[in-house]
Amino acid sequence: MFLSFKTRKRFIKAVFWVLVVALGVGLVGSSVIWTSLPDEPVQETPENQDNPVASQMEKAEKQKDIAALLSIAGRCAESGDVQNAVRAYQKILNVAPENSAARLGLVEQYFMADNYPEALLQVEAILKKAPDHQKALYYRGLIRAYGSEDYPGAVADLKRFVSLAKTGREVEEARDLIREWSAKTKN
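The opening residue of the sequence shown carries number 0 in numbering that gives the first Met the number 0; numbering runs sequentially from there.
Structure below.
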């Protein structure tokens with residue numbers, strides 16, 4: 000297929016203008032992106048340079064990104080990094096004090112570290128806002144039993160938890176604990 004000289008010239012001009020427009024849009028777009036970046040770079044403290052989790056937390060906290068902080072806290076908790084998990088959950092509560100997921104995460108971390116007074120403070124804060132919060136009732140029962148040997152209180156919390164949750168692995172565990180701790184209160 001042969002094109003005449005005029006047709007070829009028009010075709011080349013059209014391709015040229017398409018390229019000019021595409022490059023222009025790309026340059027304008029990149030300029031907009033570059034101008035929306037922060038003026039000053041994030042300051043890396045010596046502590047954060049050695050601890051990438053701390054710098055991720057700091058960045059997420061500055062952006063008030065609760066989802067990112069929850070993700071960081073969850074990863075830290077799964078890897079056994081209790082200190083950073085607790086710090087991340089506390090940062091969430093600084094930004095969003097009513098976040099029950101962060102409070103429950105703190106309860107779990109404090110409970111696993113045998114810090115029962117702190118765990119109880121957090122679980123009470125959850126139950127103050129949501130008296131039928133199933134996980135909070137479950138943990139309060141465990142905290143009462145293991146932390147202060149308040150078996151009657153623990154049994155009451157676990158019975159309430161079982162009546163609300165009805166099924167599941169934790170319900171079966173709670174039933175076993177109710178039987179065990181009820182026997183302790185009778186002795």
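Think of the CB as a built atom: it goes at the ideal place given N, C-alpha and C, for glycine as much as any other residue. This structure is a prediction, so every number in the text was calculated from the model and none was measured.
- Annotation: the continuous alpha helix (DSSP H) that includes T184 extends over R168 to K185.
- Within the stretch 52-97, the runs of alpha helix (DSSP H) that reach at least 4 residues and sit entirely inside it are, in chain order, 65-78 and 81-94.
- The shortest C-alpha to C-alpha distance from E107 to any of G73, K90, V52 and E148 is the one to G73.
- DSSP places K158 inside the alpha helix (DSSP H), whose first and last residues are Y150 to A164.
- The beta carbon of F110 is closer than 7 Å to those of A118, Y138, L141 and I142 in its chain, skipping five residues each way along the sequence.
- Pairing D156 with L136, the inter-Cα distance amounts to about 6 Å.
- In this structure, I65 places its C-beta atom within 8 Å of the C-beta atom of A95.
- Look at A100 here: in three-state DSSP terms it is helix.
- Annotation for L92: N98, A101, R102 and L105 place their beta carbon closer than 8 Å to its own, counting only its chain and skipping 5 residues before and after.
- Pairing Y115 with Y145 gives a Cβ-Cβ distance under 8 Å.
- Straight through space, the alpha carbons of N83 and N50 are spaced by roughly 10 Å.
- Exposed is the label assigned to K8, since fewer than 16 other Cβ atoms lie within 10 Å of its Cβ.
- A check of alpha carbon separations from K63 across Q121, L176, V81 and Q89 identifies Q89 as the nearest.
- In this structure E148 is exposed. Its beta-carbon is surrounded by fewer than 16 other beta-carbon atoms within 10 angstroms.
- Within a 10 Å sphere around the beta-carbon of E60 sit 16 or more other beta-carbons, which makes this residue buried.
- Inclusion of A153 and V161 in the CB contact set at 8 Å is not warranted, their separation being larger than that value.
- Taking a 10 Å sphere around the C-beta of L22, we find fewer than 16 other C-beta atoms and assign the residue as exposed.
- If you draw a 10 Å sphere on the C-beta of I71, you find 16 or more other C-beta atoms in it, and that means buried.
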